[in-house]
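Just below is one structure, and these are the notes that go with it.
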Amino acid sequence: RYSRHLCLAGVGGEGQRRIRSARALVVGLGGLGSPIALYLAAAGVGVLGLADPD
Numbered sequence: 004r005y006s007r008h009l010c011l012a013g014v015g016g017e018g019q020r021r022i023r024s025a026r027a028l029v030v031g032l033g034g035l036g037s038p039i040a041l042y043l044a045a046a047g048v049g050v051l052g053l054a055d056p057d
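Residue numbers for the sequence shown, in this note's numbering: 4 to 57.
Structure, rendered in structure tokens:
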């Protein structure tokens, strides 16, 4: 699933493990927050928190 990340010089296997163990919080899921959350999930971020006070 993440084979494209593994072949990047700046990421590789170790970088993908770090991404998988990372945590991210996206506050606001409007026009900018929604795509950011999608991209973080697609990148394989381990824990993704979403907060939208609206």
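The C-beta atom is built at its ideal place from N, Cα and C for all residues, glycine as well. No experiment lies behind these values; they were computed from the predicted model shown.
Quiz prompt | Extent of the continuous alpha helix (DSSP H) to which Arg21 belongs | solution = Gly15 to Arg23
Quiz prompt | Three-state secondary structure (DSSP) of Ala54 | solution = strand
Practice problem: Sort Gly47, Gly13, Pro56 and Tyr5 by Cα distance to Ala27 and report the nearest one. | Solution: Gly47
Quiz item: In the DSSP assignment, what residue or residues form a beta bridge with Val48?
Solution: Val48 is not bridged to any residue.
Quiz item: Out of curiosity, what's the CA-to-CA distance linking Ser37 and Arg23?
Solution: 20 Å
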